[in-house]
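Asker: Sending over a structure as structure tokens; questions will come in a sec.
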Amino acid sequence: MTYRNHPDWLLLLGLSAVLVLQACDGSRQESKPSETKAVAVTILALHAVPLEQIYEAAGAVRARQRAVLASKLQATVLSVTVKLGDAVRPGQLLMELDHSETDAEFQRGQGALVAAESGTRQAEKGQAAAEAEANLAAITLGRFQQLLDKKSVSQQELDQADARNKTAQAALGIATARVEEATAQQDAARAALEAARIRQGYTRITAPFAGFVAEKYADAGSVVSPGMPLVTVEDSAGYQFEVALPESRIEAVKLGDTVQVNIPSISLEAPARIEEMQPGAEAGSRSSLVRMALPARAGLRSGLFGRARFSLGTADGLAVPEESVLRQGELRYVYVVAEGKARKRLVTIGRVDGGTAEVLSGLEEGEQIAISSLGSLADGAPVEIQP
């Protein structure tokens, strides 16, 4: 059987082809993509607002009273009577050095002073005798001069009296010089003895004030030399936070200002009052030292790192809600809404405080940003602004 003998089959095939083409055409019409639906967003129009100007500086804790006690001798440490953290009172013995040499030096000094004092006494006796001889010779010479006028003595006898007087006066001068020399030797011996006594004191390392042992650098048996630190004592009654402010910032702060200080190692976040300022104290770095009184807190000690936030007044600037700023790696961006579309815009963010982020660059006053539906937005996405 062939199609040629059955024209009805040809008619059926033609109708089928038409139906298939119509079906394919309808399928193509249904597969056309629909237009992108606009994302409903809330916007924020940017206007300049007064923003607090904050300068943050790194610094460290320091005790109001802190003493690094160093050795003044080359000696061996005999004993250490304190441990780190021990409370100490003024004058308390902290460490003792070998004092055998200083004791011997002191004893030699005592002997030298005794000898010098004896020499001074002998010289003074000699001076007294020479003075008596000189006085007698002077009186005798005077009498002989009177007797010569009366022709009671000869010129030769007067000359002899004059020679004896000159000899006696010279001897008195020598005796007086010996007294001066002996006195000088006595003074030197006394000074040497005092120096030996002071050196004896160097072997006893004592607390200069009430506080606690903050550092200990040597143990019993250690050999120390002049200038080597032995113990650090701090007064725990008061601590300060010290920072160096550049000269461009120092004019904006003054004594009595309150600064927010953060010391993370002891979880301290507290206000601190400026109580000391030393303009130009750091000449090499063109900065000044500023010290703030810290509140009492367990764990405070010199050297702890922290940061201080100085309020430098206000200045007009742009700020956006913190949640409107999105992150892409290290970059920050917002969506700027203009002409019915959202555009990604890179921004530089400054201080973030209380849910508000300061915008340093990337936005202009009068622009609008999206503050809702941020997760549904993409660069160039159409948006519908919600009232």
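For the sequence shown, my numbering begins at 20 and goes up steadily by one.
Just so it is clear, CB atoms sit at the ideal spot from N, CA and C, and this is done for glycine as well.
1) Look at Gln72 and Leu331 and say whether their C-beta atoms are less than 9 Å apart.
2) Give the C-beta separation of Leu113 and Ile224 to the nearest angstrom, bearing in mind that I take them to be a contact with Cβ-Cβ under 8 Å.
3) Find the nearest neighbour of Lys273 within the set Leu287, Arg292, Tyr74, judged by alpha-carbon distance.
4) Taking buried to mean at least 16 other C-beta atoms within 10 Å of its own C-beta, is Gly246 buried or exposed?
5) What are the uninterrupted segments assigned as alpha helix (DSSP H) that are 4 or more residues long and contained completely in the segment 239-277, given in chain order?
6) According to DSSP, simplified to helix, strand and coil, what is Arg78?
7) Looking at the secondary structure, which residues open and close the alpha helix (DSSP H) in which Lys185 lies?
8) Should Ser171 be labelled buried (16 or more other beta-carbon atoms within 10 Å of its own) or exposed?
9) Apart from the five residues on each side of it in sequence, which residues of its chain come closer than 6 Å, Cβ to Cβ, to Gln204?
10) Can you tell me where the beta strand (DSSP E) holding Ala389 begins and where it ends?
11) How about Leu63 and Val339: do their beta carbons lie closer than 9 Å?
12) Take Ser392 and list the residues in its own chain whose beta-carbon comes closer than 7 Å to its own, dropping the five residues that flank it on each side.
13) When the Cα of Arg305 is compared with those of Gly110, Ser267, Leu177, which residue comes out closest?
14) For the beta strand (DSSP E) holding Asp398, just list the boundary residues, first then last.
15) Decide if Leu287 is buried, meaning its Cβ has at least 16 other Cβ atoms within 10 Å, or exposed.
16) For Ala289, which residues of its own chain have a beta-carbon under 7 Å away from its beta-carbon, when the five flanking residues on both sides are left out?
Answerer: Looking at the atomic coordinates:
1) It is a contact, given that the beta carbons lie within the stated cut-off.
2) Confirmed, Cβ separation roughly 5 Å.
3) Nearest Cα to Lys273 within the set Leu287, Arg292, Tyr74: Arg292.
4) It counts as exposed.
5) Assignment of alpha helix (DSSP H) within the segment 239-277, counting only whole runs of 4 or more residues, yields 266-269 in chain order.
6) A quick correction: the sequence has Gly, not Arg, at residue 78. The DSSP-derived three-state label of Gly78 is strand.
7) Residues 174-220.
8) If you draw a 10 Å sphere on the C-beta of Ser171, you find fewer than 16 other C-beta atoms in it, and that means exposed.
9) If we look at Gln204 and ignore the five residues flanking it on each side, its Cβ neighbours are Ala135.
10) Its beta strand (DSSP E) spans residues 387-389.
11) In this structure, Val339 lies closer than 9 Å to Leu63 by Cβ.
12) For Ser392, where only same-chain residues beyond five positions count, the Cβ hits under 7 Å are Val58, Ala59, Val60.
13) Selected option, being the one with the closest Cα: Ser267.
14) Looking at the DSSP string, Asp398 is not in any beta strand (DSSP E), and its letter there is neither H nor E.
15) Buried is the label assigned to Leu287, since at least 16 other Cβ atoms lie within 10 Å of its Cβ.
16) Excluding residues within five positions, the ones whose Cβ falls inside 7 Å are Val280, Pro314.
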